[in-house]
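Protein chains in written order, with the working numbering: chain A, 1355 to 1491; chain B, 3 to 74. We put the beta carbon where it would ideally sit given N, CA and C, even for glycine.
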Amino acid sequence: MLAQQKEAILSLLSSLVFALLLLFVSPLFAAARSEVILVLFALFILTLWGVRKSVGLKFKSLDEMDKTIRLQAAIIAVHGFGAMVAIYAICLYILHRVDSLVPIHQVLSLAFAGWLSLYIFWTLSILILYRRGALHV
Amino acid sequence: MFKQEAPIANTIRKLRFEAGEMTQEQLAQKVNVTRQTIIALEAGKYLPSLSLAIRIARVFGKQVEEVFIVQD
């Protein structure tokens, strides 16, 4: 297995773990929910950095197919990110349209969930494209 | 999702064997890509850039059209 695929698998797993933490653990800290989300966000970024270091992925060693796959995966991920943020924003509108006030932790959740979705779509797409192939379109 | 069938076939595998059973690794080194890219090319899972197609054709002393065949 290539270092790129290892990085994608570990980053995907990390993203899913942090998504679960955001969904189920952050609500347990009602008084400091925003701070918990910020800490999770920081830990997530550190985890991604650690994953990249641990698999020894070097961008210089990527060839044109690797770069094509990463680019195509990024295009798919941006669309997934956009859809996810739009759906989340609509949910916030429906939930808070009466008082027109969105709690600050919901805004932070939206930002973190958007970042997580970007990584989930990106890593998943990388794994699928390595398996199915990345043809120029 | 994008259509994943290669509209361009290639004769890389055949040309490798005609060139003294050149391995995928040897070809990869000659054209400066990874072995995985050669595997994907032979399996029709990746279409190379024009630059890579020319480099591969040059390794075998062929024209690009002799290595990569457009399937109409």
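Residue i - DSSP class collapsed to helix/strand/coil
| i | result |
| --- | --- |
| ALA11(B) | strand |
| MET3(B) | Any reading at MET3(B) needs caution, since the residue's pLDDT is 49, under 50, leaving its predicted position unreliable; the model's value is listed next. It is coil, neither helix nor strand. |
| ARG1372(A) | According to the sequence displayed, residue 1372(A) carries Phe and not Arg. Helix, per DSSP. |
| ALA1378(A) | Correcting the residue identity first, residue 1378(A) is Phe in this sequence and not Ala. DSSP places PHE1378(A) in helix when its eight states are reduced to three. |
| PHE1383(A) | coil |
| ALA21(B) | coil |
| PHE1398(A) | helix |
| PHE1435(A) | helix |
Residue i beta carbon near the ligand HEM (any heavy atom closer than 7 angstroms)
| i | result |
| --- | --- |
| LEU1462(A) | For the structure depicted, the ligand HEM is absent and the ligand set is empty, with no information on it obtainable. |
When the options are compared against residue i, the one with the closest alpha-carbon
| i | options | result |
| --- | --- | --- |
| GLU1524(A) | VAL66(B), ALA59(B), PHE62(B), ASN34(B) | In the structure as shown, chain A begins at 1355 and stops at 1491. Residue 1524(A) is therefore absent and cannot be evaluated. |
| TYR1484(A) | ALA45(B), ARG60(B), GLU27(B), ALA30(B) | ALA45(B) |
| ALA1357(A) | GLN1460(A), VAL1452(A), LYS1412(A), LEU1470(A) | LYS1412(A) |
| ALA1437(A) | VAL1456(A), ILE1458(A), SER1471(A), LEU1367(A) | SER1471(A) |
Nonlocal neighbours in the same chain, by C-beta distance under 8 angstroms from residue i, ignoring five residues either side
| i | result |
| --- | --- |
| LEU1370(A) | ILE1474 |
| LEU1481(A) | GLN1359, ALA1362, ILE1363, LEU1366 |
Cutoff 7 angstroms; reference residue i; Cβ partners in own chain excluding five residues on either side
| i | result |
| --- | --- |
| ALA1488(A) | MET1419, THR1422, ILE1423, GLN1426 |
| ILE41(B) | GLN26 |
| THR1401(A) | SER1368 |
| LYS1360(A) | VAL1409 |
Burial state of residue i (16 or more Cβ within 10 Å)
| i | result |
| --- | --- |
| ALA1362(A) | buried |
| SER1415(A) | exposed |
| PRO50(B) | buried |
| LYS47(B) | buried |
| GLN1476(A) | According to the sequence provided, residue 1476(A) is Trp. The question's Gln does not apply to it. Under this definition TRP1476(A) is a buried residue. |
| VAL1452(A) | exposed |
Close Cβ partners of residue i (< 6 angstroms) along its chain, the five nearest in sequence each way excluded
| i | result |
| --- | --- |
| VAL72(B) | ILE10 |
**OP:** Determine, using beta-carbon pairs with one atom in the stretch 16-34 of chain B and one in the stretch 1437-1451 of chain A, whether at least three such pairs fall under 8 angstroms.
**Re:** No, the stretch 16-34 of chain B is not in contact with the stretch 1437-1451 of chain A.
Original post:
Is the number of C-beta pairs between the stretch 1377-1394 of chain A and the stretch 1448-1463 of chain A that are closer than 8 angstroms three or more?
Top reply: yes
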